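If you want our numbering, it's the 1-based position in the sequence shown plus 681. Using N, Cα and C, we set each Cβ at its ideal position, and we do this for glycine too. All values derive from a computational prediction rather than experimental measurement. To start, the structure under review is shown below, and the notes come after it.
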Amino acid sequence: MKTLLVIFFIIVCSPALYSWQKFVKLDTDGRHELSFEIDPYYSYFAYTFGIAETPIPEIQYTDEFNIYLSLLKNFYRPRFVLTEASIYPLPLAGVYIKKNRESSYEDSQATENINIVKAVTAGFPEPWASSVFFGNVINFTDKNNDGKNETVGKAFSGFLVSYGNRHIVDNIMVEDDWVETEIKLKGSDIRERRDLSWSYAVGYKWHRNNDINDKLYISIKRSRVDYGDREKNIFIKFFIHNSETEVRLDFNTVDYEKKAIVRYFFLFGKKFALSKNTVFSFGLGAIKTESDGYRGDLKGEINENWQLIFRPNMKLKF
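What follows is the structure in structure tokens.
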């Protein structure tokens, strides 16, 4: 039990428990920008540059539906290119513990369907990636204390191509050159009254490793925090405001006589605004990987049972 508690503390409390997002304009016309975010699950550094002779549009939408509608209306007119390098710290921590601290990993197996390390670190099928995005970019602005427009968020709609050279399955990392293509809506909008982030995608992933089957997938991620939320509708207050949802389904594209869905991931979480700068969140979900998504030696490594996922986190806004 002592080992279990230590592992839980290290994984949950030691990494960067805050998300820090920053946007830096490199010119006066807004066609070149740097952005980065530090997060225990998904950290990135990106450079955006315009291929059209116009700056990045700035809007002040606050309604979530209008944000998505604006992105979809301009989806078919790519005007910007974004390059990004990303890394996933906690999934890497899970790989390290299973490979180098085998006894600790085994001690974290609380029940047949609950492994503490896997419960906190699972969810990403790769440890890092590099990406190129073609599409539209929109900056969200809000008035600061001086009455001037300040960039508080960014949204993307278009086509994404990503590459990586490793694959993670069941906290095991294997060599694999993969290429992924996506149609994607992604963004974040961080204001004084609420924080909102989302990522909706349909994609296809090719694997060079013959033991990993290619897959088609759909992915939905959404997170929202409302500070001083006064919404009276109980359904909206619980499921729309102060909540996070993540769903991903991977579909078999190799042998149609086998199972159609080879990977399931579901997560629902609640967020609690302790202050304007501190948010505690707790997500609970499940993940299941089918052996039909793999071949050879990897097929025998797959645990096909449903596995519990939980993600406690404390995020600080600077």
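For T832, the enclosing beta strand (DSSP E) begins and ends at N830 to V850. When rounded, the separation of the alpha-carbon atoms in R782 and N852 is 12 Å. Ranked by how close their Cα comes to the Cα of S785, the residues V798, G950, N794 and L753 have V798 in first place. Excluding sequence positions up to five before and after E985, its CB lies within less than 8 Å of the CB of K969, T970, E971 and S972, all in the same chain and listed in chain order. Fewer than three Cβ pairs drawn from the stretch 940-947 and the stretch 902-916 lie within less than 8 Å of each other, which leaves the two stretches out of contact. By the Cβ rule, the stretch 885-896 does not count as touching the stretch 762-772, because fewer than three pairs are nearer than 8 Å. Per DSSP, reduced to three states, the secondary structure at A882 is strand. Excluding five sequence positions before and after S811, the CB atoms of its chain that fall closer than 6 Å to its own CB belong to A766 and Y844, given in chain order. In this model, G884 and N846 are separated by some 18 Å (Cα to Cα).
Beta-carbon to beta-carbon, L866 and L997 are separated by about 27 Å, too far to satisfy the 8 Å threshold. Going by beta carbons, D910 and K918 fall inside the 9 Å limit.
Within the stretch 873-922, the beta strand (DSSP E) runs of at least 3 residues that lie entirely inside it are, in chain order, 875-888 and 896-907. Taking every protein chain shown into account, the CB of G981 has fewer than 16 other CB atoms within 10 angstroms, so this residue is exposed. In the three-state scheme derived from DSSP, where H, G and I count as helix and E and B as strand, P738 is classed as coil. For V928, the uninterrupted beta strand (DSSP E) run begins and ends at S924 to N933, by DSSP. If one requires a minimum length of 4 residues, the alpha helix (DSSP H) runs lying completely within the stretch 777-803 are 783-788 and 797-802, in chain order. With fewer than 16 neighbouring CB atoms inside 10 Å of its own CB, A791 falls in the exposed class.
Annotated three-state conformation of P721 is coil, per DSSP. Short of 7 Å from the beta carbon of H922, and not among the five residues preceding or following it, lie these beta carbons of its own chain, in chain order: R905, D907, D910 and E912. Counting of Cβ neighbours within 10 angstroms places L948 among the buried residues, the total reaching 16 or more.
When the alpha-carbon of T822 is set against those of G839, Y777, T862 and I871, the nearest one is in I871. Per DSSP, F991 is one residue of the beta strand (DSSP E) stretching across Q988 to L997. Ranked by Cα distance from T926, the options W879, E856, P808 and F916 are led by W879. Distance from the Cα of Q741 is smallest, within the candidate group G974, I819 and I983, for I819.
About 27 Å separates the beta carbon of N933 from that of G964, a gap too long to meet the 8 Å contact definition.
Within the same chain, G731 and P736 come within 6 Å of R712 by CB-CB distance, once the 5 residues on both sides are set aside.
Between the alpha carbons of L955 and I893 lies a gap of roughly 43 Å. For D857, the uninterrupted beta strand (DSSP E) run begins and ends at I853 to I871, by DSSP. Taking all protein chains shown into account, K780 has fewer than 16 neighbouring C-beta atoms within 10 Å of its C-beta and is therefore exposed.
Per DSSP, reduced to three states, the secondary structure at I983 is coil, with no helix or strand assignment. Taking I990 as reference, the option from V850, V705, F946 and F953 with the minimal CA-CA separation is F946.
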